[in-house]
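Step one of this worksheet: look at the structure below.
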Amino acid sequence: MNKFWTILVIGAALVACTEDSEQATELIEAQAVESAAPAQPNVVFILVDDMGFGDVGYNGSEIATPNLDQMALDGMKLDRNYVYPVCSPTRAALLSGQNPLHMGITGPIDDYASLPEDLKIMPEYFKDLGYRTHMVGKWHLGLSEVDSWPQSKGFDSFYGMLGGWIDFYTHVFARRHDWQRDGVSVYEEGHATDLMTDEAIRIIEDGGPEPFLLYLAYNAPHSPLQHPPEYSDLNDYPAISDRSVYAEMMTQMDAGIGRVLSALEEQGIDENTLVIFSGDNGGALNLGASNGELRAGKRSAFEGGVRVPGLVSWPGQIASGSVFEQPIAVHDWLPTLLDAVGGDAEVVEDAYGQNMWSAMSQGVQLDRNIFIVGATNNLAVFNWPYKLAYVKGDDAEEFVPALFHIVDDPYEQNDLSAEMPDMASRLLAQIEAMPEPEISRLEPAFNNSPRYYPPNVPTWDLRHEADLEPWAEAVTNGTLPPYHE
């Protein structure tokens, strides 16, 4: 007999033997309502770095991703999952629900820059609802000041890296050790992907009376391309190459995600946990990734740069094997998740995102707001099902707008600008009306300087070594050199 009916039977007995039957009836009703009301769900948001649209099995990839494929069968595939074409803007949009282009984050954020000081972000909203908040993995939204670190922005705990990339084995970023727990450098042996997975599982197993928000931001399969500790034997390539090493990094990360999902099940909380999986931008085609037939890749506003794999799983709440065909953009997640956990989606400050929970959970067809994503020299404005790509090529002096019906023409082969000049003009006006940010938060070289991408990267056995003070201690000790010295 389940708990609900047990309460009713006990309640009926109370009515029979209690002189004040009205009081007993009120007790029954209160207990029944309490039993029927679901507990606040846990939320696990898994963000991965530089994964291509064509790099998961359920999208037809030859790379083995059995756990993500199973998650797609058990949950919902996001067919039109849109992000920014580079990492920092996507992360800022995810956490704030705002458009990072308005903040001056139009590419990888400078080591000496950070999110706006007064910006309220996801963990702070969840703490307002009584959640414990944890972050594991890649931050890349502020490095040089303690006030810009995750644990200063609402996360109860932070374990991982602050910068844009690290050596997966030495945990070095730009000549400094960049691996910390709550502001103190930690020195551990192990591949970063495995260490992140282990930490996520520890958080899940620790439990607690409150629900938790876990933001798990893997830095795989971002460069440097480095062999995992052990090959999986699940991928079959004739010779070692960028693609073969990238594939093994993907399969290793997929195994880690499988371990995280298994931990939820072993703790008996999988049915009360909402799990989201997403890429942060399109795959880097020169570093082993594939975006399938989508046009272009990382850094581009064409589909290969901004349309990424995405999954949602919540047993009993999200239909198994379903496909969400409505477009969802990364700034939508904060209001959407707040609604999903019983909060108020309307509290998001200066919200750019749209609450999509009723569409996901109930199949409601929503009128899609116009939205813009992009990065330096690459912007795209969506007025579904139309998209205007506003792209400036490497050798071009001017932007060249191109209009596409993105449902009929997902590979962006047929520019409709001449046929639909009014639509093209209206969407171009949306871009022209964007507010100018007060400051730029980008590093001057747009993350292409040799200190980030040495000329000999990727070489699969390369190890970056540190010869400077660790990032965490250089910041806390006040010994970090002045800006770009």
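Take any residue in the sequence shown, note its place counting from 1, add 372, and you have its number in my numbering. By construction, the Cβ of each residue, glycine as well, lies at the ideal position given by its N, Cα and C atoms.
Hey, quick one: how far does the beta strand (DSSP E) through residue 439 stretch, first residue to last? Within the sequence shown, numbered from 1, the residue matching residue 439 stands at position 67. Counting along the chain, residue 439 falls outside any beta strand (DSSP E), though it belongs to the alpha helix (DSSP H) covering 438-446.
May I ask which residues mark the beginning and end of the alpha helix (DSSP H) holding residue 461? As a position in the sequence shown, residue 461 is number 89, starting the count at 1. First-last of the alpha helix (DSSP H) with residue 461: 459-468.
So residue 661 and residue 427 are supposed to be a Cβ contact under 8 Å. How far apart are they, rounded? For the purposes of this step, residue 661 is taken as residue 289 along the sequence shown, with counting starting at 1. For the purposes of this step, residue 427 is taken as residue 55 along the sequence shown, with counting starting at 1. So it is a contact: roughly 6 Å between Cβ atoms.
Assuming residue 833 contacts residue 547 under a Cβ cut-off of 8 Å, what Cβ separation, rounded to an integer in Å, is found between them? Residue mapping note: residue 833 aligns to position 461 of the sequence shown, counting from 1. Residue mapping note: residue 547 aligns to position 175 of the sequence shown, counting from 1. Going by Cβ atoms, the distance from residue 833 to residue 547 rounds to 19 Å, so no, they are not a contact pair.
Could you check the C-alpha separation between residue 460 and residue 473 for me, to the nearest Å? For the purposes of this step, residue 460 is taken as the residue at position 88 of the sequence shown. For the purposes of this step, residue 473 is taken as the residue at position 101 of the sequence shown. Each residue's alpha carbon lies about 10 Å from the other.
Does the segment 656-673 come close enough to the segment 726-737 to have 3 or more Cβ pairs within less than 8 Å? no
Spatial neighbours of residue 845 within its chain, please: C-beta separation below 7 Å, excluding the five flanking residues on both sides. Residue mapping note: residue 845 aligns to position 473 of the sequence shown, counting from 1. Excluding sequence neighbours, residue 845 sits near 557.
Do you know offhand how far residue 823's Cα is from residue 539's? The count along the sequence shown starts at 1 and reaches residue 823 at position 451. The count along the sequence shown starts at 1 and reaches residue 539 at position 167. Low confidence applies here, because residue 823 scores a pLDDT of 47, under 50, leaving its location unreliable and the question unanswered by this model.
Between the C-alpha atoms of residue 440 and residue 720, what's the straight-line distance to the nearest angstrom? As a position in the sequence shown, residue 440 is number 68, starting the count at 1. As a position in the sequence shown, residue 720 is number 348, starting the count at 1. In a straight line, the C-alpha of residue 440 is about 30 Å away from that of residue 720.
From what residue to what residue does the beta strand (DSSP E) around residue 418 run? Working through the sequence shown from its first residue, we reach residue 418 at position 46. Unbroken beta strand (DSSP E) run through residue 418: 414-420.
Can you look up residue 507 in the DSSP assignment and give me helix, strand or coil? In the sequence shown, the residue the question calls residue 507 occupies position 135. DSSP places residue 507 in strand when its eight states are reduced to three.
What ranges does the beta strand (DSSP E) occupy inside the segment 511-542, keeping only unbroken runs of at least 3 residues that lie completely in it? 529-533
Just the Cα atoms here: how many angstroms apart are residue 689 and residue 713? Within the sequence shown, residue 689 is the residue found at index 317, counting from 1. Within the sequence shown, residue 713 is the residue found at index 341, counting from 1. If you take the alpha carbons of residue 689 and residue 713, they lie about 12 Å apart.
For residue 429, the three-state DSSP class (helix, strand or coil): The residue given as residue 429 occupies position 57 in the sequence shown. Of the three classes helix, strand and coil, the one that applies to residue 429 here is helix, per DSSP.
Quick check: the Cα distance between residue 403 and residue 503, rounded to an integer number of angstroms? Here the question's residue 403 lines up with position 31 in the sequence shown. Here the question's residue 503 lines up with position 131 in the sequence shown. With a pLDDT of only 43 at residue 403, under the threshold of 50, the placement of this residue in the model should not be trusted, and no figure is reported.
Return the residue from the list 779, 730 and 787 that minimises the CA-CA distance to residue 773. Taking the first residue of the sequence shown as position 1, residue 773 is located at position 401. Of the listed residues, the one whose Cα sits closest to residue 773 is 787.
Only counting the same chain, and skipping five residues up and downstream in sequence, which positions put a Cβ closer than 8 Å to that of residue 820? What you label residue 820 is simply residue 448 of the sequence shown in a count that begins at 1. A caution first: residue 820 carries a pLDDT of 41, below 50, which makes its placement in the model unreliable, though a value can still be read off. No residues qualify anywhere along the chain.
Residue 858 to residue 573 span [Cα, whole Å]: Summary: the structure shown does not reach residue 858, with the chain confined to residues 373 through 857, and so no result is reported for it.
Quick one, are the C-beta atoms of residue 555 and residue 532 less than 7 Å apart? One-based indexing of the sequence shown puts residue 555 at position 183. One-based indexing of the sequence shown puts residue 532 at position 160. It is not a contact, given that the beta carbons lie outside the stated cut-off.
Go through the segment 739-809 residue by residue and report every complete run of the alpha helix (DSSP H) that reaches 4 residues or more, in order. 793-804
Reducing DSSP to helix, strand and coil, say where residue 844 ends up. Looking up residue 844 in the sequence shown gives position 472. If DSSP states are grouped into helix, strand and coil, residue 844 belongs with the helices.
Flag this pair as yes or no: are the beta carbons of residue 673 and residue 805 separated by less than 7 Å? As a working mapping, residue 673 is identified with position 301 in the sequence shown. As a working mapping, residue 805 is identified with position 433 in the sequence shown. No, Cβ-Cβ distance for residue 673 and residue 805 is not below 7 Å.
Let me know if residue 811 comes out buried or exposed under the rule of 16 or more other beta-carbons within 10 Å of its beta-carbon. Working through the sequence shown from its first residue, we reach residue 811 at position 439. Under this definition residue 811 is an exposed residue.
For residue 584: DSSP bridge partner residues: Position 212 of the sequence shown, counted from the first residue, corresponds to residue 584. 504.
On the DSSP letters alone, give me the boundaries of the beta strand (DSSP E) that residue 645 sits inside. Translated into the one-based positions of the sequence shown, residue 645 becomes position 273. 645-651 is the span of the beta strand (DSSP E), which, as asked, contains residue 645.
Assign residue 434 to buried or exposed, taking buried as 16 or more other Cβ atoms, counted over all protein chains shown, within 10 Å of its Cβ. Numbered from 1 along the sequence shown, position 62 holds the residue referred to as residue 434. Exposed, because fewer than 16 other Cβ atoms sit within 10 Å of the Cβ of residue 434.
Residue 793: which of 585, 610, 775 and 520 sits nearest, CA to CA? Taking the sequence shown and counting its residues from 1, one reaches residue 793 at position 421. Comparing Cα-Cα distances from residue 793 to each of 585, 610, 775 and 520, the minimum goes to 775.
C-alpha distance - residue 716 paired with residue 412, whole-angstrom precision: Taking the sequence shown and counting its residues from 1, the one referred to as residue 716 is at position 344. Taking the sequence shown and counting its residues from 1, the one referred to as residue 412 is at position 40. Cα to Cα, residue 716 sits roughly 13 Å from residue 412.
Residue burial classification, residue 831 (beta-carbon count within 10 angstroms, cutoff 16): The residue you call residue 831 lines up with position 459 of the sequence shown. So residue 831 ends up on the exposed side.
Compute the distance between the beta-carbons of residue 586 and residue 506, then report whether it is under 7 Å. Working through the sequence shown from its first residue, we reach residue 586 at position 214. Working through the sequence shown from its first residue, we reach residue 506 at position 134. Cβ distance < 7 Å, so residue 586 and residue 506 count as in contact.
As assigned by DSSP and simplified to three states, the class of residue 616: Locating residue 616 in the sequence shown gives position 244, counting from the first residue. Note: residue 616 maps to helix in three-state DSSP.
Hey, how far is the Cα of residue 741 from the Cα of residue 536? For the purposes of this step, residue 741 is identified with residue 369 of the sequence shown, where counting begins at 1. For the purposes of this step, residue 536 is identified with residue 164 of the sequence shown, where counting begins at 1. If you take the alpha carbons of residue 741 and residue 536, they lie about 31 Å apart.
Cβ neighbours of residue 446 in the same chain (closer than 7 Å, five flanking residues each side left out): Here residue 446 is taken as the residue at index 74 of the sequence shown, counted from 1. The residues are 685 and 692.
Using the Cβ count rule (16 or more neighbours within 10 Å means buried), how would you classify residue 596? Numbered from its first residue, the sequence shown carries residue 596 at position 224. So residue 596 counts as buried.
For the beta strand (DSSP E) containing residue 678, name the first residue and the last one. Your numbering for residue 678 matches position 306 in the sequence shown. Taken as a continuous stretch (DSSP letters only), residue 678 belongs to no beta strand (DSSP E), being part of the alpha helix (DSSP H) at 675-678.
By a C-beta neighbour count over all protein chains shown, 10 Å radius and 16 as the cutoff for buried, is residue 601 buried or exposed? Within the sequence shown, residue 601 is the residue found at index 229, counting from 1. It is exposed - the Cβ of residue 601 has fewer than 16 other Cβ atoms within 10 Å.
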